[in-house]
Amino acid sequence: MIVREEKSKQEAAQRQPHPLKWWIPALVFFGGLVALAVLVVVLMPPETTPGVSTPPPINVYVEEVATIPEVEDYFEINGVVEPHRDVGVAAEVAGRIESHGTADKPLKEGDYVQPGDVILRINTDLLQAEFNRYDAQRRFDAAELERTIELNRRQVATAREVDEARTRWQISQAAYETAQAQLDRSIVKSPIPGVLNDLPVEVGEYVQPGDVVANIVQDDPVKVVVHVPERNIRYLSVGDQHMIMDKLTGPVLSQNGGSEPPEKWRGTITFISATADAATNTTRVELTVPNPRDGENRRLRSGQIVLTRLTRQVLKDVIMVPLRVLIPQPSNGGQQYVVFVNVDGVAEQRIVVPGQIRGNMVTIVGGDLKPGEKLIIEGHRYVGPGQALREVSMQEAMQ
2 MIVREEKSKQ EAAQRQPHPL KWWIPALVFF GGLVALAVLV VVLMPPETTP GVSTPPPINV
62 YVEEVATIPE VEDYFEINGV VEPHRDVGVA AEVAGRIESH GTADKPLKEG DYVQPGDVIL
122 RINTDLLQAE FNRYDAQRRF DAAELERTIE LNRRQVATAR EVDEARTRWQ ISQAAYETAQ
182 AQLDRSIVKS PIPGVLNDLP VEVGEYVQPG DVVANIVQDD PVKVVVHVPE RNIRYLSVGD
242 QHMIMDKLTG PVLSQNGGSE PPEKWRGTIT FISATADAAT NTTRVELTVP NPRDGENRRL
302 RSGQIVLTRL TRQVLKDVIM VPLRVLIPQP SNGGQQYVVF VNVDGVAEQR IVVPGQIRGN
362 MVTIVGGDLK PGEKLIIEGH RYVGPGQALR EVSMQEAMQ
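Count along the sequence shown from 1, add 1, and you get the number used in my numbering.
Below you can see the structure in the form of structure tokens.
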């Protein structure tokens, strides 16, 4: 009995696990977790903090800001060439056209004439007969006046008879002078120098007083007529000289980025209208331009459209920058323009006020941009305030 109980206790003791058999696997498991955690921490890349990293520098091409000593502030407007004078010559007496010009110098349309040149002759048969009649009457009345005066000295004729004789002579003298003037005016002469632009009547046609028999155009000098907006008229004065350009030949690109025409002339303002056109708010301005002959023709022709460059004022020490460097930004419900400069390798913003555009350049009339600063010409679209910069060539900055 006792032996059986001892044997049962030994079997129960054998079935109960030893304490070390539980701790060893647990220690191995937790040790593996710790090793795995350490490995993850070691192998994991360092955590990045937003806003702390520095972006790489941007490649930019810069140019030093310089000033131009003088820049004309001008505006351009189309003008129309008009002749200096356009005269319609009218007949002053009635009659039949006998000839254009004279036998020694016949005229045709397109010929140049000088003041006093004969344009045409009107038949004078009737005028000559009338002139001869008044001439004879004048001579007779003059002789009668002399006889009456002699009789008055002899006290045969009265003073009244002398006055009557003198009056008859004066009347016949006036009629004679009228006939002489009518006869002289049968020869139509040019009143101005110019080109005989039109001969509307042919030889053999009958004309009445007042009929236009010739049109003469004085085309040297000529007038260029422009209609200037009211905002610019205050800059113009009579006597000012401005540039006139041939619009048909087209502009030529100049070195400063602007455009210059191959043909240009100087014109002088000779007239500014005292009143403005209420419908268009413009004022008529006339410029007189010399128009010498170029071969057989004049350089400027009546009716031709030209481009006038009217100077408002001359600006001193002006900054000009490429138009493409201006960056528009909203400002207080409107819009402002900025540029970027390189200051010690860092981009800084400058507010600018653009002025007149000259081709691909623009004048700067206000703002923070100063002469001597390094203006970013290429790569400016990729920078912002505080951006690190690296100055390179134009080709590298454009890549």
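Each residue gets a CB set at the ideal place from its N, CA and C atoms; glycine is no exception.
Just so we're clear, the structure is a prediction, and the values are computed from it rather than from any experiment.
- The segment 183 to 198 makes contact with the segment 108 to 127: 3 or more CB pairs, one atom from each, lie closer than 8 Å.
- Of the residues Thr-283, Thr-269 and Val-218, the one whose Cα lies closest to the Cα of Pro-291 is Thr-269.
- Inside the segment 281 to 365, DSSP marks whole beta strand (DSSP E) runs of 3 or more residues at positions 283 to 290, 306 to 323, 328 to 332, 335 to 344 and 347 to 359, from first to last along the chain.
- With respect to the 7 Å criterion, Lys-224 and Met-244 are not classified as neighbours on the basis of their beta carbons.
- For Ser-173, the three-state secondary structure derived from DSSP is helix.
- Distance from the CA of Ala-277 to the CA of Val-226, rounded to the nearest whole angstrom, comes to 14 Å.
- Per the coordinates, the alpha-carbon of Gly-380 lies some 30 Å from the alpha-carbon of Lys-317.
- For Arg-235, the closest alpha carbon among the candidates Pro-323, Thr-284 and Gly-368 is that of Thr-284.
- Between Ile-78 and Leu-301 the beta-carbon gap is near 17 Å, outside 8 Å, which marks them as no contact.
- Looking at Val-393, Pro-107, Arg-97 and Pro-194, the one whose alpha-carbon comes closest to that of Val-208 is Arg-97.
- One alpha carbon belongs to Gln-330, the other to Ala-348, and they sit about 17 Å apart.
- Arg-391 is bridged by DSSP to Asn-60.
- Going by C-alpha positions, Pro-293 is about 17 Å away from Val-307.
- Between Ala-92 and Pro-210, the gap from beta carbon to beta carbon is short of 7 Å.
- Around the beta-carbon of Arg-139, 16 or more other beta-carbon atoms lie within 10 Å, marking it buried.
- Residues Ile-59, Val-61, Phe-341, Ala-348, Ile-377 and Leu-390 of the same chain have their beta carbon placed closer than 8 Å to that of Val-384, with the five preceding and five following residues left out of the count.
- By the neighbour-count definition (other C-beta atoms within 10 Å, threshold 16), Leu-127 is an exposed residue.
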